[in-house]
Amino acid sequence: MDPVSVARALVEELFPGALYAFVGGSVLTERRTSTSDLDVVVVLDGLPTPYRESLRWRGWPVELFVNSETSLRAHLDRDFDRRQPSLARMCAEGAVLTDRTGGRASDLQAALGERLAAGPGGLSDGEAARARYVLSDLLDDLAGAGDPGERAFVAWQVVQDTARLALGFGRRWQGSGKWLLRELRAHDPELAERLLDARDDPARLTAVASGVLERAGGRLWEGYRIEGDPFHRPLRHVPSGTLSDETAQSPGMRRLAAVSGASAGSERLWMGQTHVAPATRSADHHHGASETAIYVVSGTPSFVFLRDGEEVRLETGPGDYVFVPPYVPHREENPDPEREAVVVIARSTQEAVVVNLPDLRPR
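Sequential numbering of the sequence shown, starting at 1, is according to UniProt numbering.
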């Protein structure tokens, strides 16, 4: 049985209600070996907890990547940010096993294909300088290594960092393990073979790495300096009358940004207020990858979420705190017919992420 047929049968048996699913990886290519896995990406509606699982199914080794649409997007974005889009390749270059959404699987493949083809963009000046410095320092270590074991470990690190530098300056995606070599072979097959041939010869390896360094601007060690003083930055005062409503909103509530990149120069923190009018409920929503901490200032707001498919209601009052984990759908309600509910919110991401939803089910 061919891999696509096996993977399709697996999805039909184990995930009969899947929104859509893909199979990808080496098993669909000429690189397939006797140990190649079926890399199967499954997207489910209402999945409370995404997971990855390794198993055997009808004798085939399988790597399952089970997600909601929300968690799949988050994993894809994370991989693109770190320049290692392995999950995106599984989806974009794999085969669609099922699609009950009227074409969202094919649309996702097309969008991911365009993003992969566009590449990750160039290195920033800081990233480039750091990469040159690290490789230059490694070459010094290689030249001075007297212990055979240390020399072997440093040499292999030189191989990998030379590959990453070449890919970074070539505006190409990267990878780990075998995928780093595959990306380098696709970008510069001659360099890939020269690195492999020289990996056990320090002098030849130094010559190959130095050639890549020269194309990137040359060795950089003496004079490398990172400017910045994170310990003596001034405090910022945000008066109560200057809070801004130019932030993400949900129907049924009003958010005011206090501490943000725009108002205070924060990089990893957002803080503000939320106001819910009497006898009003917000739209169902979540806050992406943000962790959210809530302090109740006034009123008696309720916070509603799902547990095992049933609504759970947290009744709160002034002085109470509530923690909302990332991606958890919830809503705020103010049952008081006369008093507004006011809370202070702190989030672990500088951007005030708000994703409004049609209901509380995970997506």
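Positions of the beta carbon are idealized from the N, C-alpha and C atoms, including for glycine.
My guess is that residue i and residue j are in contact by the Cβ rule of under 8 Å, so how many angstroms apart are they, rounded?
{"i": "residue 377", "j": "residue 272", "result": "The question about residue 377 has no answer here: the residues shown for the chain are numbered 1 through 363."}
{"i": "residue 263", "j": "residue 350", "result": "Their Cβ separation, rounded to whole angstroms, is 11 Å, which puts residue 263 and residue 350 out of contact at 8 Å."}
{"i": "residue 97", "j": "residue 21", "result": "4 Å"}
{"i": "residue 122", "j": "residue 171", "result": "5 Å"}
{"i": "residue 208", "j": "residue 162", "result": "7 Å"}
{"i": "residue 340", "j": "residue 276", "result": "7 Å"}
{"i": "residue 71", "j": "residue 327", "result": "7 Å"}
{"i": "residue 257", "j": "residue 246", "result": "7 Å"}
{"i": "residue 336", "j": "residue 300", "result": "6 Å"}
{"i": "residue 159", "j": "residue 139", "result": "At roughly 12 Å, the Cβ-Cβ gap does not stay under 8 Å, so residue 159 and residue 139 are not in contact."}
{"i": "residue 365", "j": "residue 290", "result": "Coverage of the chain is limited to positions 1 through 363, which leaves residue 365 absent and any answer about it impossible."}
{"i": "residue 44", "j": "residue 80", "result": "Incorrect: roughly 23 Å between the Cβ atoms, too far for contact."}
{"i": "residue 92", "j": "residue 113", "result": "5 Å"}
{"i": "residue 362", "j": "residue 108", "result": "Not really, about 18 Å apart at Cβ, beyond 8 Å."}
{"i": "residue 165", "j": "residue 174", "result": "Between residue 174 and residue 165 the Cβ distance is about 10 Å, and since that is not below 8 Å, they are no contact."}
{"i": "residue 24", "j": "residue 89", "result": "7 Å"}
{"i": "residue 343", "j": "residue 297", "result": "6 Å"}
Per DSSP, which residues does residue i bridge with? Please list them.
{"i": "residue 61", "result": "56"}
{"i": "residue 273", "result": "256, 344"}
{"i": "residue 302", "result": "315, 333"}
{"i": "residue 107", "result": "Per DSSP, none; premise fails for residue 107."}
{"i": "residue 376", "result": "Given that the chain is displayed from residue 1 to residue 363, the structure contains no residue 376 and the question cannot be resolved."}
{"i": "residue 295", "result": "321, 344"}
{"i": "residue 98", "result": "21"}
{"i": "residue 286", "result": "355"}
{"i": "residue 310", "result": "307"}
{"i": "residue 29", "result": "Partner(s): none; residue 29 has no beta bridge."}
{"i": "residue 51", "result": "66"}
{"i": "residue 280", "result": "334"}
{"i": "residue 244", "result": "257"}
Classify residue i as buried or exposed, calling it buried when 16 or more other Cβ atoms lie within 10 Å of its own Cβ.
{"i": "residue 323", "result": "exposed"}
{"i": "residue 156", "result": "exposed"}
{"i": "residue 183", "result": "buried"}
{"i": "residue 294", "result": "buried"}
{"i": "residue 51", "result": "exposed"}
{"i": "residue 55", "result": "exposed"}
{"i": "residue 195", "result": "buried"}
{"i": "residue 177", "result": "exposed"}
{"i": "residue 106", "result": "exposed"}
{"i": "residue 29", "result": "exposed"}
{"i": "residue 268", "result": "exposed"}
{"i": "residue 274", "result": "buried"}
{"i": "residue 330", "result": "buried"}
{"i": "residue 12", "result": "exposed"}
{"i": "residue 240", "result": "exposed"}
{"i": "residue 118", "result": "exposed"}
{"i": "residue 292", "result": "buried"}
{"i": "residue 433", "result": "A question about residue 433 goes unanswered here, because the residues of the chain that appear run from 1 up to 363."}
{"i": "residue 333", "result": "buried"}
{"i": "residue 34", "result": "exposed"}
{"i": "residue 366", "result": "Given a span of 1 to 363 for the chain in the structure shown, any question on residue 366 remains unanswerable."}
{"i": "residue 136", "result": "buried"}
{"i": "residue 237", "result": "exposed"}
{"i": "residue 103", "result": "exposed"}
{"i": "residue 68", "result": "buried"}
{"i": "residue 325", "result": "exposed"}
{"i": "residue 131", "result": "buried"}
{"i": "residue 318", "result": "exposed"}
{"i": "residue 388", "result": "With the chain represented from 1 up to 363, any question about residue 388 goes unanswered, as that position is not in the structure."}
Please determine whether the Cβ atom of residue i lies at a distance below 7 Å from any heavy atom of the ligand ZN.
{"i": "residue 47", "result": "As for the ligand ZN, it is missing from this structure, which has no ligand bound."}
Entirely within the stretch 138 to 184 and at least 4 residues each: give me those alpha helix (DSSP H) ranges in chain order. 148 to 169
Is the number of C-beta pairs between the stretch 143 to 156 and the stretch 186 to 196 that are closer than 8 Å three or more? no
Can you check the stretch 187 to 231 for any alpha helix (DSSP H) of at least 4 residues that lies completely inside it and give the ranges in chain order? Within the stretch 187 to 231, the complete alpha helix (DSSP H) runs of at least 4 residues are 189 to 198, 202 to 215.
Should the stretch 26 to 43 be called in touch with the stretch 56 to 74, which here means at least 3 C-beta pairs below 8 Å? yes
Is the stretch 246 to 253 touching the stretch 279 to 289, taking contact as three or more C-beta pairs under 8 Å? yes
Whether or not the stretch 220 to 230 and the stretch 312 to 320 are in contact is what I'm after, with contact meaning three or more pairs of Cβ atoms, one per stretch, closer than 8 Å; do they touch? no
Across the stretch 230 to 248 and the stretch 206 to 221, are there enough close Cβ pairs to call them in contact, namely three or more that are closer than 8 Å? no
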